[in-house]
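Trainee: Each residue of the sequence shown is one higher than the one before, starting from 1 at the first, in UniProt numbering.
Even glycine gets a Cβ: it sits at the ideal position worked out from N, Cα and C.
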Amino acid sequence: MLSLGYFYQHKKLSLHAQEAEAHGAFLRIIDLMQSAKPVDHVEAISLCGQICSGFASPTIVNSAFMRIAEAFRTGSNTLQMEILRVVQKNIQHLPKIRNHGEFIRPIFTVMYSNDPVARAITLRLLAAIAVSIPNQLDVHHAVRVALQSNDRNELQAALFACRSLAKVSGKFAEEIAADVAVLVDKPGLSDDERIATLQIIPYIAGLRLDTGVVRAVVTRILRASSATDYHSSRLIETCLRTISDLLVRGSDSHSLQQHILLLASYVDSIRQEVARPAAAELLRFFRLCTSLMEPDSISTVLLQLLESGSVSVVNQGVRCTFAFVNDRLARGSLEAALNERILQNLTDCTLRLQSSYGACAFAVLCRIIGLTGADAPPGIANSIIELINVMHQLAAGEKHLATLKLVLLGLNGANLSRFPPPLASLCIHSIERFSFPGPSRQLVYLRHLGDLLPLNPKAVGELLERSTWNCHLAACDPDTLYRTLFQVVALRFRLSDQLGGDLNETKLAEDVTSFGLSHWDLYRLVRTSMCDGRYPFAVGILEGLVRHPHSASTAGWLNILLSLAQAEASKAELRLPGVTLLAKSQALQRSILSQMDTYLSLSSFCGSNRLGLFRERLLELRTNLQQSLLLLVNTIENVRLRAADMKELSGVLKYASSQFGGTLAKLKETAEESVRLYRLAFDADGPSLAVVRFYYDCCTGFGKIIAIAMARHFGVDPDGRGLPASVARIRGTAETFDRLDSLPTDVKDETTLYGWLKEIFLAATFFLTFPVPIPRYFFQQFQQTTLSVVLTPAPTPEKEYVQTLNMDTRFTLKVDGILTVDCRDSKEPTRRVKAVRVATRIILVKALPFTAKAHFATSETASEGTVQDIRLDGLNFFSHTFVMNMGYPGVYRVEVDCQFHDDDGVAWTAMQQGVSVAVRVVESAATGLLPRKGGANYEPSSNH
Numbered sequence: 001m002l003s004l005g006y007f008y009q010h011k012k013l014s015l016h017a018q019e020a021e022a023h024g025a026f027l028r029i030i031d032l033m034q035s036a037k038p039v040d041h042v043e044a045i046s047l048c049g050q051i052c053s054g055f056a057s058p059t060i061v062n063s064a065f066m067r068i069a070e071a072f073r074t075g076s077n078t079l080q081m082e083i084l085r086v087v088q089k090n091i092q093h094l095p096k097i098r099n100h101g102e103f104i105r106p107i108f109t110v111m112y113s114n115d116p117v118a119r120a121i122t123l124r125l126l127a128a129i130a131v132s133i134p135n136q137l138d139v140h141h142a143v144r145v146a147l148q149s150n151d152r153n154e155l156q157a158a159l160f161a162c163r164s165l166a167k168v169s170g171k172f173a174e175e176i177a178a179d180v181a182v183l184v185d186k187p188g189l190s191d192d193e194r195i196a197t198l199q200i201i202p203y204i205a206g207l208r209l210d211t212g213v214v215r216a217v218v219t220r221i222l223r224a225s226s227a228t229d230y231h232s233s234r235l236i237e238t239c240l241r242t243i244s245d246l247l248v249r250g251s252d253s254h255s256l257q258q259h260i261l262l263l264a265s266y267v268d269s270i271r272q273e274v275a276r277p278a279a280a281e282l283l284r285f286f287r288l289c290t291s292l293m294e295p296d297s298i299s300t301v302l303l304q305l306l307e308s309g310s311v312s313v314v315n316q317g318v319r320c321t322f323a324f325v326n327d328r329l330a331r332g333s334l335e336a337a338l339n340e341r342i343l344q345n346l347t348d349c350t351l352r353l354q355s356s357y358g359a360c361a362f363a364v365l366c367r368i369i370g371l372t373g374a375d376a377p378p379g380i381a382n383s384i385i386e387l388i389n390v391m392h393q394l395a396a397g398e399k400h401l402a403t404l405k406l407v408l409l410g411l412n413g414a415n416l417s418r419f420p421p422p423l424a425s426l427c428i429h430s431i432e433r434f435s436f437p438g439p440s441r442q443l444v445y446l447r448h449l450g451d452l453l454p455l456n457p458k459a460v461g462e463l464l465e466r467s468t469w470n471c472h473l474a475a476c477d478p479d480t481l482y483r484t485l486f487q488v489v490a491l492r493f494r495l496s497d498q499l500g501g502d503l504n505e506t507k508l509a510e511d512v513t514s515f516g517l518s519h520w521d522l523y524r525l526v527r528t529s530m531c532d533g534r535y536p537f538a539v540g541i542l543e544g545l546v547r548h549p550h551s552a553s554t555a556g557w558l559n560i561l562l563s564l565a566q567a568e569a570s571k572a573e574l575r576l577p578g579v580t581l582l583a584k585s586q587a588l589q590r591s592i593l594s595q596m597d598t599y600l601s602l603s604s605f606c607g608s609n610r611l612g613l614f615r616e617r618l619l620e621l622r623t624n625l626q627q628s629l630l631l632l633v634n635t636i637e638n639v640r641l642r643a644a645d646m647k648e649l650s651g652v653l654k655y656a657s658s659q660f661g662g663t664l665a666k667l668k669e670t671a672e673e674s675v676r677l678y679r680l681a682f683d684a685d686g687p688s689l690a691v692v693r694f695y696y697d698c699c700t701g702f703g704k705i706i707a708i709a710m711a712r713h714f715g716v717d718p719d720g721r722g723l724p725a726s727v728a729r730i731r732g733t734a735e736t737f738d739r740l741d742s743l744p745t746d747v748k749d750e751t752t753l754y755g756w757l758k759e760i761f762l763a764a765t766f767f768l769t770f771p772v773p774i775p776r777y778f779f780q781q782f783q784q785t786t787l788s789v790v791l792t793p794a795p796t797p798e799k800e801y802v803q804t805l806n807m808d809t810r811f812t813l814k815v816d817g818i819l820t821v822d823c824r825d826s827k828e829p830t831r832r833v834k835a836v837r838v839a840t841r842i843i844l845v846k847a848l849p850f851t852a853k854a855h856f857a858t859s860e861t862a863s864e865g866t867v868q869d870i871r872l873d874g875l876n877f878f879s880h881t882f883v884m885n886m887g888y889p890g891v892y893r894v895e896v897d898c899q900f901h902d903d904d905g906v907a908w909t910a911m912q913q914g915v916s917v918a919v920r921v922v923e924s925a926a927t928g929l930l931p932r933k934g935g936a937n938y939e940p941s942s943n944h
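1) Short of 6 Å in beta carbon distance, which residues of its chain neighbour Pro-58, apart from the five on each side in sequence? Order them along the chain.
2) Here's a check: name, in chain order, each residue in its chain whose Cβ is nearer than 8 Å to the Cβ of Ala-711, leaving out the five neighbours to either side.
3) Quick test of the definition: if touching needs 3 or more C-beta pairs under 8 Å, does the stretch 397-412 touch the stretch 351-367?
4) Have a look at Val-139 and Val-42 and give me their C-alpha separation to the nearest angstrom.
5) Arg-731: which of Arg-328, His-713 and Val-691 sits nearest, CA to CA?
6) Tell me whether Gln-316 is buried or exposed, calling it buried when 16 or more other Cβ atoms sit within 10 Å of its Cβ.
7) Cα separation between Asp-31 and Ala-25?
8) Terminal residues of the continuous beta strand (DSSP E) containing Asp-897?
9) Specify the secondary structure class of Thr-812 as computed by DSSP and reduced to three states.
10) Determine, using beta-carbon pairs with one atom in the stretch 764-772 and one in the stretch 877-888, whether at least three such pairs fall under 8 Å.
11) Can you name the residues that DSSP bridges to Asn-806?
12) Please classify Thr-468 as buried or exposed, where buried requires at least 16 neighbouring CB atoms within 10 angstroms.
13) Can you check whether the CB of Leu-621 is closer than 8 Å to the CB of Thr-663?
14) What would DSSP say about His-713, mapped onto helix, strand or coil?
15) For the candidate residues Gly-188, Cys-162, Gly-170 and Val-168, whose alpha-carbon lies nearest to that of Val-180?
16) Bridge partners for Ser-788 per DSSP, in chain order?
17) Could you name the residues that DSSP lists as bridge partners for Leu-844?
18) Would you report the Cα separation of Thr-861 and Val-131, rounded to the nearest angstrom?
19) How close, in whole Å, do the beta carbons of Thr-786 and Thr-751 come, if the pair is a contact with beta carbons under 8 Å?
20) What is the residue span of the beta strand (DSSP E) that Asp-869 lies within?
21) Closest to Arg-832 by C-alpha separation, out of Val-896, Asp-816 and Asp-685, would be which residue?
22) Is the beta carbon of Leu-618 closer than 8 Å to that of Phe-778?
23) For His-429 versus Ala-459, is the C-beta distance shorter than 8 Å?
24) When you compare each of Ala-173, Leu-126, Gly-874 and Ala-166 to Glu-154 by their alpha carbons, which one comes out closest?
25) Going by C-alpha distance, which of Leu-283, Ala-330 and Val-267 is nearest Gly-309?
26) When the Cα of Phe-702 is compared with those of Leu-522, Pro-795 and Ala-665, which residue comes out closest?
27) Exposed or buried, Ala-158, counting other C-beta atoms within 10 Å across all chains shown (16 or more means buried)?
28) Alpha carbon to alpha carbon, what distance is there between Gln-595 and Pro-478?
29) If we require 4 or more residues per run, which alpha helix (DSSP H) segments fall completely within the stretch 439-465?
30) Give the DSSP bridge partners of His-880, in chain order.
31) I'd like to know whether the C-beta atoms of Ala-835 and Leu-875 end up nearer to each other than 8 Å.
32) Which same chain residues end up closer than 7 Å to Asn-339 when comparing Cβ atoms and leaving out the 5 residues on each side of it in sequence?
33) Alpha carbon to alpha carbon, how far is Leu-446 from Glu-335? Give it in angstroms, no decimals.
34) In three-state terms, what does DSSP make of Arg-837?
35) So within the stretch 733-779, which uninterrupted alpha helix (DSSP H) runs reach at least 4 residues, ignoring any that extend past its ends?
36) Put Ser-916 into one of helix, strand or coil per three-state DSSP.
Okay, structure coming up:
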């Protein structure tokens, strides 16, 4: 059977329905192209573009592109411009064209037209599709001929086409090197034409390009621009970047140093059109050269910049030093490059520069102490407190936040953690001086407190209590109000975790509600608090939200969240001392019944999509886990009571084994439910998967320890995929899980038995009263990401094998995939696909006989498999060809599996079922055994 991994899983249209719809669209296109009205022709081309982007079938897309190419040959300039726009918009669908020669032929005929505008449009179109025709020789020749044109539009288009082709074709880049060197020095070119010419040089540098001529021309342009207003700022910027790119290729340290000083001289120009791009290029070029220059050269350059008589050059020297100390690749040469003279110049800049550059120099000094630690020069550490006073005055006088952010960047947690302890304590307490009035500054200050919290929670708590963040919120905008309150709430929660104090979350919720946040902002706080397990705070916000006048349309959903939050918040009372086991059991039973009622209410809000099933199964899993743990607690209590009446250990173990049978079955069932829930959540983010992992770890942790000790079997088959072990455990559970993993499995005496039962009892009680967070995926809008995979050669029901190969022939497998993201009501997906990882695995199903001659004829065995990461770069399809060796004769199965990778590099499963093909490998005629039609092998005679 053909297994295509949920191929066209959307089920909007079957393949036949798509072909029928495309056929109707093509009939409409034919009618429009036969019309005498030019506007109908434009509409036909636009419809072709919609077909290219709306249909996944390569046959349909290929037909649309062929009609576009034919219309370009016979159309007017207006229609050709529309075709250019459509092709540029659908550039990602060009790989679906089956024969690029047939597509290019009608387009290329326009190059022989007498109309220079048509030729210019054709060149633009060729540039757009250059990735599909990198080695088309007639295109190369036509573009080179167009470079000699006297028409400015055609020349501009030819330069654009040159750059596009040089990116993808090394042969073309080598051919045009001499032409570009002549064009750079050609008189009479406009600034735009010269810019387009210079932009080609980085793609042909190192080939046959005379870099000396190019440097001389660029230097002449820069010198002329420094004295006159003739050239534009874009041309100056392009010239600076071009000459920098030429120098960075294979130049020695001295040449790089001289070029940095040359850029510094342009920074001091009286023309802002020269000084601004020169400053940006100086910083960029210095970052490129830090890994190419020796530490002594870097030190010399920085000293010359910092000791310059020009304030502009000194400012750029401070920026370059800031970039150098924050470059991870330059850590090895940091101590050798930064000498005492540079540090003294930075200190002087901190005191002298009354701008953000002074704050930048201060951040550099703090970073140096943070990197060197105890080896920092004593003079810098002694002057930090004095410099903080200077920075306070400087930041107070600046209206913009850049200076304040740079100062606090120098005093961040990573740097202060390496400061000497007395100095770090003084710096933390001096942070309070930067709590300037104003909502924006208070927000920066609160974020900085959050950065310092792991370093000294007690000091941060005191600073938060003395801050005046709530005195400036009346006049701020709603977004700043929400972000400020969010930072305050997050700080309160983190302080309660670090210091271990009891936080009155209900009172905090009342205070937050009193600030008049919008309905949506309050819901965002509820969502974040429930994902963090802060249920009393969520209850306080939800009780006000339910009564909000704008909550009529969402009252049902808010009531469901309120019921969930109340059920989890009630567990806080069970953790108080003095609560009996009977009272805990009764309270937990009421909580379970409440969650079951919520589960029944949720069914009316969940559709039949993946997210709806996830929500329903999540609530079902939560109740089942609590029932399993409650059953375990009651079972342990019964065993302990019965053990008091038994004298022999064997009788106690026998009774415990019989009592734990039902508990093991319940734990195994709940663990299997968590695996099914994980398969539903493969579109979720990492923290959401951590919640699902919690349920799995909880069930398997208790189940395995009980099963091993009682000589029972406990196993949950994850269907070959399992749950990712790399997902971090939920905050506050790691210690209990570690204690559970360390329990003994060999119960030999009564002391070990009672200690073993006690530890399991305490762990189960902890998880019963622990507030498990709600996955963030529970609150997200629906998203279903599917991947349709087609293999070539494709398996068919009529053939047992897709291909029969000789043992000396490699097997070629082409994997094509189409990505489909269904977001329903949401315009943008909540999780984007950045890359697809395609993995192949070769499995020997059956070995076939072969001769001894074949054994010595090959030295290669079957490769186990390969892994290929394919970046999509915004595309919704991919294609890759695997070439693999099968080894000795036999029947092999090649399995293909795919994984998605999002923007953060986190992977999730793309297909629930892999795709596979069967391949048969036989011995070649050169070695002996040959296959017959009937399948048997025979030995060739000498006559053969």
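Mentor: By the coordinates alone:
1) The answer, listed in chain order, is Lys-96.
2) For Ala-711, where only same-chain residues beyond five positions count, the Cβ hits under 8 Å are Ser-657.
3) Output reads yes: the stretch 351-367 touches the stretch 397-412.
4) Rounded to whole angstroms, Val-139 to Val-42 spans 26 Å at the Cα level.
5) When each option's Cα is compared against that of Arg-731, the closest is Val-691.
6) A residue is called buried once 16 or more other Cβ atoms fall within 10 Å of its Cβ, and Gln-316 is buried on that count.
7) When only Cα atoms are considered, Asp-31 and Ala-25 end up about 10 Å apart.
8) Segment 890-901, the beta strand (DSSP E) holding Asp-897.
9) Assignment of Thr-812 by DSSP, reduced to helix, strand and coil, places it in the strand class.
10) Contact fails between the stretch 764-772 and the stretch 877-888, because fewer than three Cβ pairs, one in each stretch, are under 8 Å apart.
11) BP columns for Asn-806 point to Val-922.
12) Residue environment for Thr-468: exposed (fewer than 16 other C-beta atoms within 10 angstroms of its C-beta).
13) No, these two residues do not count as a Cβ contact at 8 Å.
14) It is coil, neither helix nor strand.
15) Out of Gly-188, Cys-162, Gly-170 and Val-168, Cys-162 has the C-alpha closest to the C-alpha of Val-180.
16) Note: Ser-788 sits in a beta bridge opposite Ile-818.
17) In the DSSP output, where bridge partners are listed per residue, Leu-844 has Tyr-892.
18) For Thr-861, the pLDDT reaches just 44, beneath the cut-off of 50, and the residue's location in the model is therefore unreliable, leaving the point undetermined.
19) 56 Å between Cβ atoms; not a contact.
20) Taken as a continuous stretch (DSSP letters only), the beta strand (DSSP E) holding Asp-869 covers 865-871.
21) Minimum Cα distance to Arg-832 is reached at Asp-685.
22) Going by C-beta atoms, Phe-778 is nearer than 8 Å to Leu-618.
23) With a cutoff of 8 Å on beta-carbon distance, His-429 and Ala-459 are scored as near each other.
24) The residue with the shortest Cα to Cα distance from Glu-154 is Leu-126.
25) It is Val-267.
26) Checked all of Leu-522, Pro-795 and Ala-665; the closest Cα to Phe-702 is Ala-665.
27) Buried, by the Cβ-count rule.
28) When rounded, the distance between both Cα atoms is 35 Å.
29) Counting whole runs of 4 or more residues, the stretch 439-465 contains the alpha helix (DSSP H) stretches 439-452.
30) DSSP lists Val-815 as partners of His-880.
31) The Cβ atoms of Ala-835 and Leu-875 lie no closer than 8 Å to each other.
32) Closer than 7 Å at Cβ, skipping near neighbours: Ser-299.
33) Spanning the two alpha carbons is a distance of roughly 33 Å.
34) Strand.
35) Runs found: 734-741 and 750-769.
36) Of the three classes helix, strand and coil, the one that applies to Ser-916 here is strand, per DSSP.
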